[in-house]
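Here the sequence shown is numbered in our numbering, starting from 36 and rising by one per residue.
Where a beta carbon is used, it is the ideal one built from N, C-alpha and C, also for glycine.
Computed from a predicted model, the values in this text were never measured in an experiment.
Here's the structure we're looking at; comments come further down.
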Amino acid sequence: MKILAIIPARGGSKRVPGKNIKKLGGKPLIAHSIEQAKNSKFINRIIVSTDSQEIADVAVAHGAEAPFLRPKEISGDNSTDFEVFEHILNWLKKKEAYVPDVLVQLRPTSPLRKVEDVDRAIELLMAHPEVDSARAVIEPQSSPYKMYKITDFGILEPLMGDMSKINIGDQQLPKVYRHIGTADVIWTKTIVDKRSMSGDSILAVPVDRAYSGINTQEDWDFYEFLFSKLEK
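Given below as structure tokens:
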């Protein structure tokens, strides 16, 4: 199967300037995701989608492809993953007559993902051609059954609409999971035919550990701490 890893990495980060090529653990942030893709048992092509020539050059230097620069109109703060993936698929089909079977989204802001989790998600999806995608998920620290919303009158209402579960032990609550974005694996046909990044049926790939993405300077500082611990 043709299994393509896509690493979206636009330039112009405002809260952590130049974060995708800023060094973390001795190498540019984006290099961690490239290396993870290279170490996968299944991924056989890696493309970085970026609007920055500087990011493209760093990506190529670390073993990925950057065969085009992403158009500015799909590189803004409000641009969607679907627009990015659709552009890549259209470009590859037109320029190379290349159509991958499976797409693996590896966001550069998750540099501590486990390659084993990525491969598990790929293997699971390939074993189930009837579903649309597979996503890494983790149990949240706080259950939504313990959360509230506030009415216009300032009254707390249970988010899940069930007051009976607010004050019981976590072990008695239904298990819930949140999408963490460390490994999203999608059939190409899900994007092309259903015009969706996930489709209707999503396989769960539970993982035992996941750190939040890197969106702020505080996140970056935390990751620097984590990498310093790993080096020791």
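- Whose C-beta lies closer than 7 Å to the C-beta of E118 among residues of the same chain, with five residues either side of it excluded? I109
- Task: Tell me E131's beta-bridge partners as DSSP assigns them.
- Result: Paired residue(s): none; E131 is not in a bridge.
- Message: For K184 and L191, what's the separation of their Cα atoms in angstroms?
- Response: 6 Å
- Task: Would you mind sorting L138 into buried or exposed? The rule is 16 or more other CB atoms within 10 Å of its CB.
- Result: buried
- Query: Under three-state DSSP, which class holds I82?
  - Reply: strand
- Would you tell me roughly how many angstroms separate the C-alpha atoms of K37 and K267, rounded to the nearest one? 38 Å
- CA nearest to the CA of D243, picked from L147, L59 and E70: L147
- Item | Opening and closing residue of the beta strand (DSSP E) in which G217 lies | First, the amino acid is wrong: residue 217 is Thr here, not Gly. Its beta strand (DSSP E) spans residues R213 to W222.
- Item | Residue from N125, R50 and E121 with nearest C-alpha to D256 | R50
- Query: Between the segment 163–170 and the segment 214–225, do at least 3 Cβ pairs fall closer than 8 Å?
  - Reply: yes
- Task: Would you mind stating whether A40 and I81 have Cβ atoms separated by less than 8 Å?
- Result: yes
- Query: Which residues share a DSSP beta bridge with Y183?
  - Reply: P193
- Query: Grouping DSSP H, G and I as helix and E and B as strand, with all else coil, what is S263?
  - Reply: helix
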